[in-house]
Amino acid sequence: MRRGCPGKSDESVAGTRDPRHQQRIDETNELIAVLTSQVTTCDQELVKCQTEARRADARRQAERDRLDTQVSGVREQIGRFSLLLERADRIGQLWDNLGRLENQLEAKAKAIEASSRKQEKAREEVGKSLGVLSRHFDGTLKDLLGEDAGGQIEIDARFLHPRPNANVAATGAALGTSATVLGFDVACLIASICGLGGHPRLVLHDSPREADMEEAMYHRLFDLIARLEALFAKRSVSFQYIVTTTTPPPKSISEEPYVRLTLHARNDEGLLLRRKLVV
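Residues are numbered in our numbering as their position in the sequence shown, beginning at 1, plus a constant of 38.
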């Protein structure tokens, strides 16, 4: 105003009352009232906003909890799916192994079937061979002891077992045992001559004594071997049968070419093998 405000004509003088003092107070009070009203409105709006914020925060927390629950479920499902994938891979490997094993099993089954056919064929051949050998054994016993005698050959995993019938046993323990042993040896010899087995066709029976062998069976043994040799006629005989005996053989074969050597025990030269054997 001192500088000459164009809107003021009078310069304020200290100690004088401002004519607009009350007006300014009223204007200020009105402004205060307006501002107070605005502050009140703002406070109300703030309360509403705070309430809404709390509600929003509660909703946010609820959504977060729901999301965490869903994520936890999803993670659990992902874990299960991962485990299922591992199991699926393992099952795939097992399936491939199963395929290989099935192929191997099929090959083994074919091999077993082929082996079974071979075994069956071998059993048939063994059965036929055993039947042939049993017939020769049965016939040999009949030649040695008579028509009522007989027997068969049985086989197991280790041995051949000659089984004479009851009529052989009825002849006595010593005679039955001698007939069984001699019959089995001669039956194996005959079977080999007929092409069965790998018998060397060399048989040596040492010193059958009259006390151990009935004379009739003793003569029948020589007769049987003589008939077997006669079957070759003019051909070379394919076996050799040696009996060292203290009892004279039948007259029909008591000379050459049947009697080959007369033995004695006076010295080693009179022994069969030119020496004494200790068993």
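Ideal placement from N, C-alpha and C gives every residue a C-beta, glycine not left out.
Residue 263 counts as buried, since at least 16 other C-beta atoms from the protein chains shown sit within 10 angstroms of its C-beta. Of the residues 209, 258 and 203, the one whose Cα lies closest to the Cα of residue 290 is 258.
The DSSP-derived three-state label of residue 105 is helix. With respect to residue 191, residue 227 sits apart: the two C-beta atoms are not nearer than 7 angstroms.
Here residue 200 is buried, its C-beta having at least 16 other C-beta atoms within 10 Å.
Our two residues, residue 214 and residue 153, have alpha carbons roughly 41 angstroms apart in a direct line.
The three-state secondary structure of residue 302, taken from DSSP, is coil. Taking 7 angstroms as the cut-off, the Cβ atoms of residue 241 and residue 296 do not count as close. The residues 258 and 262, in chain order, have a CB closer than 7 angstroms to that of residue 181 in the same chain once the five nearest residues on each side in sequence are set aside.
For residue 192, DSSP records a beta bridge to 199. A residue is called buried once 16 or more other Cβ atoms fall within 10 Å of its Cβ, and residue 112, having fewer, is exposed. For residue 244, the enclosing beta strand (DSSP E) has its first and last residue at 240-244. In the three-state reduction of the DSSP assignment, residue 285 falls in the coil class. In the three-state reduction of the DSSP assignment, residue 256 falls in the helix class. Here the alpha carbons of residue 196 and residue 172 stand approximately 17 angstroms from one another.
Per DSSP, the beta bridge partners of residue 279 are 241. Excluding sequence positions up to five before and after residue 179, its CB lies within less than 7 angstroms of the CB of 187, 188, 189, 202, 206, 217 and 221, all in the same chain and listed in chain order. Residue state for residue 78 is assigned as helix, using DSSP reduced to three classes.
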